[in-house]
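First comes the structure, then the notes that go with it.
Numbering (this note's numbering), first residue to last: 18 to 178.
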């Protein structure tokens with residue numbers, strides 16, 4: 018039902034079919050998985066990647082640099098968000114590249130956007146921020162949209178994939 022322009026009962030327990038489909042596709046992957054997202058620490062997703070990492074040729078992550086939020090937005094210092102992001106990015110990379118997965122570390126690649134260096138210091142002011150969410154598995158499965166494959170997007174947000 019829609020009341021005052023808001024869904025009141027669209028998915029009271031969340032809508033997980035997109036995330037469940039993506040996890041199923043990852044678990045069937047044989048060549049590669051590519052994730053482009055601003056967040057890289059959704060546990061269900063990373064557990065699926067960890068499960069198939071031994072048989073993958075490569076796993077690619079494209080995300081924001083951990084320090085993307087080391088700034089002020091609308092006058093508010095949001096550095097704490099950057100600290101949280103950096104912690105979770107390190108944890109994700111640690112799970113996929115150390116311990117029992119150390120032998121597969123060469124398959125894991127992480128990329129973040131970087132500003133171009135120019136003579137004009139104002140040419141590229143402001144944040145470089147990835148908000149799109151793109152997921153590719155073996156040329157067989159793709160999700161493109163704004164809905165992240167994590168609990169908040171499947172339960173709280175009305176993002177679209």
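Backbone N, C-alpha and C fix where the C-beta goes; we use that ideal spot for every residue, glycine too.
From a predicted model like this one, the values you see are computed outputs, not experimental measurements.
- Query: What three-state label does DSSP hand residue 48 in the structure shown?
  - Reply: Mapped onto the chain shown, residue 48 falls at position 31. In the structure shown, residue 48 sits in coil (DSSP, three-state: anything other than H, G, I, E or B).
- Item | For residue 158, the first and last residue of its enclosing beta strand (DSSP E) | Within the chain shown, residue 158 is the residue found at index 141, counting from 1. Run containing residue 158: 158-162, per the beta strand (DSSP E) assignment.
- Looking only at C-alpha atoms, which of 39, 42 and 72 sits nearest to residue 123? In the chain shown, the residue the question calls residue 123 occupies position 106. Looking at the Cα atoms, 72 is the closest of the given residues.
- In the DSSP assignment, what residue or residues form a beta bridge with residue 151? The residue labelled residue 151 in the question sits at position 134 within the chain shown. Answer is 53 and 161.
- Tell me whether residue 80 sits in a helix, a strand or coil according to DSSP, three-state version. For the purposes of this step, residue 80 is identified with residue 63 of the chain shown, where counting begins at 1. Strand, per DSSP.
- Message: Report the CB separation of residue 77 from residue 51 in whole angstroms; it is logged as a contact under 8 Å.
- Response: Here residue 77 refers to the residue found at position 60 when the chain shown is read from its first residue. Here residue 51 refers to the residue found at position 34 when the chain shown is read from its first residue. Between residue 51 and residue 77 the Cβ distance is about 5 Å, and since that is below 8 Å, they are a contact.
- Any chance the region 147-165 sits against the region 100-112, with 3 or more Cβ pairs inside 8 Å? no
- Message: As a quick exercise: from 159, 128, 162 and 163, pick the residue whose alpha carbon is nearest that of residue 80.
- Response: For the purposes of this step, residue 80 is identified with residue 63 of the chain shown, where counting begins at 1. Closest option to residue 80, Cα to Cα, is 128.
- Please report how far the alpha carbon of residue 46 lies from the alpha carbon of residue 121, in whole angstroms. Counting from 1 along the chain shown, the entry for residue 46 is found at position 29. Counting from 1 along the chain shown, the entry for residue 121 is found at position 104. Distance between the alpha carbons of residue 46 and residue 121 is about 15 Å.
- Task: Output yes or no for whether 8 Å exceeds the beta carbon distance between residue 44 and residue 65.
- Result: Counting from one through the chain shown, the residue named residue 44 turns up at place 27. Counting from one through the chain shown, the residue named residue 65 turns up at place 48. It is a contact, given that the beta carbons lie within the stated cut-off.
- Determine, using beta carbons only, whether residue 35 and residue 160 come nearer to each other than 8 Å. As a working note, residue 35 is residue 18 in the chain shown. As a working note, residue 160 is residue 143 in the chain shown. It is a contact, given that the beta carbons lie within the stated cut-off.
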